[in-house]
Amino acid sequence: MRPHPRADLLVVAVVAAVFVLIVAATPDEPCTTETCGPEPLTSIGVSLLLATAVMSHLHRWSAAGAAVICATLWPIADRAENVRMGWLVALPLALLAITVALARLRFPVPADTAPRRQPPTPSFLPFPWVRGTALLVAALAGIGWTWNRQADVTAQEAVADAVPAVVREHRESVIGVDLTNGDSYYMEVLEPLDYPVGSRVEVLIDDAGLRQLSSEPYDITILFVPFVTLAGVGAALLARAVTRRRALLRFFSSPQPARPVHARTARDSVAVLIPDPPRTRHLTIALTADDTVPRRGAQAATLYGTPHPGQWCAVAIDHHIRAPTSPVKEVQVLPRGPSLPFSV
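Quick look at the structure:
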């Protein structure tokens, strides 16, 4: 549960604005004028923009961390790969400022006059680390494979023979070329119109099967976009799991406000009604799914914690308590009447 969840759209808006500025400010040079070579560091830096926008919806401080890496990597990539971004290298600083500001937002902590009691110790504290770990490991493996594959082919191109050729024809996104040694090939290009029929090009060839235009070297760094984004999602899920685990440990290790309530348990949640004349408050606490929990009607119970969005709460029924998986998301205020139903 995040305070002001719609504020995360600001991160999306900043990322979209950065992409628009990059497209608008980057000159569209044909590959025949300047070689369209791979730029792995730049690709990772741009991918971090998208990752930050997604991570902000999962764990804001991890998104701020991704923005720090992005703001650091852009000037490094600009120098190492001679991208010539100019003033564009400062754009991630705007993203960093927004993500840090959002991460510092907090729910207001209301005063709670209920007497404090030590909550019972639950038999299990949720720690959902598997999904985040699996995503992070898989994404890092993909990033490593992409980096190594790109490096291997770049090294292969460096020692390949550059054979002159003449463009013979165009076919949608491919061009046909005739080499001076008598061979002919069809080759995919970014823009066929950059290679007029009859123009001369160079084709990199070796005995291992390499056939690549020297003006458009092999480039699979676009794969960094999904892999870096997935790595960010995995890191954010892990960070959220660790943060919530620590919050639960603090919650159950100290006295909490306690009040009598009516509760109805389900497989993965417990619905709570808090009598508070002249009104009744209703909230639902998310729990780890448990198929062994018997389905019963409303029961007298004790609510530990402050029933307010963003706060942790737990319900004890017959001195048995199940740890929540997330803070309270919403508290509804219901009009209190003589026949108020327990409908959830």
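Just so you know, we're using the numbering used here here: the sequence shown kicks off at 103 and counts up by one.
For glycine and all other residues, C-beta sits at the position ideal for the given N, C-alpha and C.
- The three-state reading of DSSP puts T345 in helix, counting H, G and I together.
- For A243, same chain residues with a beta-carbon under 7 Å away, outside a window of 5 residues either side, do not exist.
- CA-CA distance, Q434 to L332, rounds to 35 Å.
- By alpha-carbon distance to L227, the top candidate from L325, Y406, A425, A182 is A425.
- The criterion of a C-beta distance shorter than 8 Å is satisfied by V120 and L193.
- By the beta-carbon neighbour count (other beta carbons within 10 angstroms, threshold 16), T394 is exposed.
- With 16 or more other Cβ atoms from the protein chains shown falling within 10 Å of its own Cβ, Y297 counts as buried.
- Nearest to D378 by alpha-carbon distance, out of L351, P409, A349, Q358, is P409.
- A Cβ-Cβ distance of about 12 Å is found for the pair V430 and V372, leaving them out of contact under the 8 Å criterion.
- Excluding sequence positions up to five before and after W414, its CB lies within less than 8 Å of the CB of A349, L350, F353, G407, P426, P429, V430, all in the same chain and listed in chain order.
- In this structure, the straight-line span from the alpha carbon of P230 to that of R104 is close to 18 Å.
- In this model, A264 and L143 are separated by some 27 Å (Cα to Cα).
- When the five nearest sequence neighbours on each side are left out, the beta carbons in the same chain lying within less than 8 Å of the beta carbon of E304 are those of A264, V265, P266, A267, L315, S316, S317, in order along the chain.
- The alpha carbon of Y320 has as its nearest neighbour, out of D285, Q220, V291, the alpha carbon of V291.
- The C-beta separation of I419 from A403 comes to about 5 Å, placing the pair in contact by the 8 Å criterion.
- DSSP places R273 inside the beta strand (DSSP E), whose first and last residues are 263–273.
- Counting along the chain, E432 sits inside no alpha helix (DSSP H), nor does DSSP assign it H or E at all.
- DSSP places L197 inside the alpha helix (DSSP H), whose first and last residues are 193–205.
- Excluding five sequence positions before and after H364, the CB atoms of its chain that fall closer than 6 Å to its own CB belong to L375, A400, given in chain order.
- Counting every other CB atom within 10 Å of its CB across the protein chains shown gives L150 a total of 16 or more, marking it as buried.
- Within its own chain, the residues whose Cβ lies closer than 8 Å to the Cβ of H421, once the five positions on either side in sequence are excluded, are P222, listed in chain order.
- DSSP places A425 in the coil class of the three-state scheme, outside both helix and strand.
- DSSP, read as helix, strand or coil, puts E183 in coil.
- Secondary structure note for Q258: it is in no beta strand (DSSP E), and the uninterrupted alpha helix (DSSP H) holding it is 232–260.
- Burial check for Q358: the Cβ neighbour count within 10 Å reaches 16 or more, so the residue is buried.
- In this chain, the beta strand (DSSP E) harbouring V276 covers 276–281.
- Look at D378 here: in three-state DSSP terms it is strand.
- The beta strand (DSSP E) runs lying completely inside the segment 290–321 and spanning 3 residues or more are 302–307, 313–315, given in chain order.
- Distance from the CA of L152 to the CA of T174, rounded to the nearest whole angstrom, comes to 16 Å.
- Note on geometry: alpha-carbon atoms of L436 and I245 lie some 51 Å from one another.
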